[in-house]
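**Q**
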Amino acid sequence: MDKIYIISLLFFLFALSVNIILFFTLLILKRNFLIAYKTSSLISIIIYILLPIYLIKTTILFYIFNIFIYLNLNYIFLSIIYTPKSSIRFQILKILIQNNFIIKKNNFKKIYNDKILFNKRIFRLLSSKTIINKKNFFMIKNKKIIYLYFVFLYTKKMFIN
Amino acid sequence: MNQNIFLILLFYTFAVLTNIILFRIIKKRHLFYERLIFLIYLSILIYVIEMKNIYQIMYVMFIYLTLFCSYSFFVVAPLSGSPTIEIIKIIYDNNKITKKKLLKIFLKKSFLNDRIKKLIKEKYLLIKKDKIIYTQKNKILHFVFQKIESLGNKNLKRNG
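Structure representation (structure tokens):
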């Protein structure tokens, strides 16, 4: 019974390692970032669900709980790898690093401003088909994004009344 | 074992609730206090659960740390604001909207100035006359940026 904890930890590490190795291999093979992430995480999740199947014999709740924790690990992995790409703060620091740590305000505003940020995000939303451009009007195509918007909204409301 | 799972989830919920209450009182996210609250609840949790061996302690700490990291990453976007979600919000509120009008509403909130102010507050940046200076001069970060940029599809460069 005591072995179950160390085995669970080893399973976490194994599945996460598969995810990381597969993800970077796909990136080196010049695959799209999101496709690489989706493929690697899906394979690792399947591995993780199948690997500790014997845990069901001990307790089904422990097995389900471990899968839930593994999904959390996947989310953390995504957050870590995606932050340098999407974070505004990281983008600001990147521009400064590329300009030997110092830049004039005007030059900075030419490279990166709210309009450029807007265009980049619009391009990303159009590419992922989350929104569509129909006769010069933007509309939401993927309705799942609305759920995400409400999750964000209610999370914010919980903190800021 | 089931009891341990419930205790982990219970103490994690207490930690999250305490953080929400603290946020409502001091009106901002304070990483030091946030970590301290999670650490205090973890200490109580380890004390409450009957630990049989070192592996069980490692397991509980690992689970708790994973849940804490998920929480930390999750609350960043709703609390500091996400440009993508802002665009979705504007389109959702207007049902359908032209790019010009969308941009006009979007520009009312300056995400860039907000982030620059935060970086100045966190002492990463310094404004001197008409110049922006990066004070940390982190070479490791530079290396990480270069490596990530060099990997993957070219479309990634359109992120930001």
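One line per chain: the protein sequences are H and S, in this order. Our numbering applies: residue 20 is where the first sequence begins, and numbers increase by one. Our numbering applies: residue -15 is where the second sequence begins, and numbers increase by one. We put the beta carbon where it would ideally sit given N, CA and C, even for glycine.
Counting Cβ pairs closer than 8 Å, one from the stretch 25 to 32 of chain S and one from the stretch -14 to 4 of chain S, do we hit at least three?
**A** yes
**Q** Is the CB of residue 51 of chain S under 8 Å away from at least one CB in chain H?
**A** yes
**Q** Using a Cβ-Cβ distance cut-off of 8 Å, determine whether residue 58 of chain H contacts chain S.
**A** no
**Q** Got a sec? Which residues, its chain only, sit under 6 Å from residue 148 of chain H by beta carbon, not counting five neighbours each side?
**A** Result list for residue 148 of chain H: 160, in chain order.
**Q** Expressed to the nearest angstrom, what Euclidean distance is found between the alpha-carbon atoms of residue 84 of chain S and residue 31 of chain H?
**A** 48 Å
**Q** Taking its Cβ as the centre, do 16 or more other Cβ atoms sit within 10 Å of residue 16 of chain S, making it buried, or is it exposed?
**A** exposed
**Q** Give a yes or no on whether the minimum CB-CB distance between residue 44 of chain H and chain S is below 8 Å.
**A** no
**Q** Give me the Cβ distance between residue 157 of chain H and residue 87 of chain S, rounded to the nearest whole Å; I'm assuming they're in contact under 8 Å.
**A** No, residue 157 of chain H and residue 87 of chain S are not in contact; Cβ-Cβ is about 10 Å, not under 8 Å.
**Q** Let me confirm a value: residue 36 of chain H is counted as buried when at least 16 other C-beta atoms fall within 10 Å, else exposed. Which label applies?
**A** exposed
**Q** Check distances from the C-beta atoms of the stretch 92 to 123 of chain H to those of chain S and list, in chain order, the residues that come in under 7 Å.
**A** Cβ proximity to chain S below 7 Å picks out 92, 94, 95, 98, 103, 104, 105, 107, 108, 110, 111, 112, 113, 115, 116, 120, 121, 122 and 123 from the stretch 92 to 123 of chain H.
**Q** Going by alpha carbons, who is nearest to residue 23 of chain S out of S:46, S:35 and S:110?
**A** S:46
**Q** Helix or strand or just coil, what does DSSP make of residue 82 of chain S?
**A** strand
**Q** Find out if the Cβ-Cβ distance for the pair residue 63 of chain H, residue 38 of chain H is shorter than 8 Å.
**A** yes
**Q** Which value, in whole angstroms, describes the spacing of the CA atoms of residue 102 of chain H and residue 42 of chain H?
**A** 16 Å
**Q** Where does residue 67 of chain H land, buried or exposed, given buried means 16+ other C-beta within 10 angstroms?
**A** buried
**Q** Using the beta-carbon count (16 or more within 10 Å), is residue 32 of chain S buried or exposed?
**A** The residue in question, residue 32 of chain S, is exposed, as its Cβ has fewer than 16 Cβ neighbours within 10 Å.
**Q** Would you check if the distance between the CB atom of residue 57 of chain S and the CB atom of residue 98 of chain H is smaller than 8 Å?
**A** yes
**Q** Do you know how far the Cα of residue 28 of chain H is from the Cα of residue 44 of chain S?
**A** 10 Å
**Q** Could you spell out the range, first to last residue, of the beta strand (DSSP E) harbouring residue 115 of chain S?
**A** 115 to 118
**Q** Compare the C-alpha of residue 113 of chain S against each of H:144, H:140, H:124 and H:166 and name the closest.
**A** H:124
**Q** Closer than 8 Å, Cβ to Cβ, to anything on chain S: give me those residues from the stretch 25 to 43 of chain H, in chain order.
**A** Under the 8 Å Cβ criterion, the stretch 25 to 43 of chain H contributes 25, 27, 28, 31 and 43.
**Q** For chain S, is any of its Cβ atoms less than 8 Å away from the one on residue 165 of chain H?
**A** yes
**Q** If contacts are defined as beta-carbon pairs under 8 Å, then residue 108 of chain H and residue 99 of chain S qualify, I think. What distance do you get, rounded to the angstrom?
**A** 5 Å
**Q** Please tell me whether residue 162 of chain H has its Cβ less than 8 Å away from any Cβ of chain S.
**A** By this cut-off, residue 162 of chain H is not an interface position.
**Q** Taking the beta carbon of residue -13 of chain S as the centre, do at least 16 other beta carbons fall within 10 Å, making it buried, or is it exposed?
**A** exposed
**Q** Could you tell me whether any Cβ in chain H is nearer than 8 Å to the Cβ of residue 61 of chain S?
**A** Output row for residue 61 of chain S: interface = yes.
**Q** Assuming residue 158 of chain H is part of the alpha helix (DSSP H), what are its boundary residues?
**A** Not the alpha helix (DSSP H): residue 158 of chain H falls in the beta strand (DSSP E), residues 156 to 159.
**Q** Determine the closest residue to residue 24 of chain H out of S:13, S:35, S:7 and S:3, with distance taken between C-alpha atoms.
**A** S:35
**Q** Counting along the chain, where does the beta strand (DSSP E) carrying residue 41 of chain H start and finish?
**A** From DSSP, residue 41 of chain H is part of no beta strand (DSSP E) but of the alpha helix (DSSP H) over 22 to 47.
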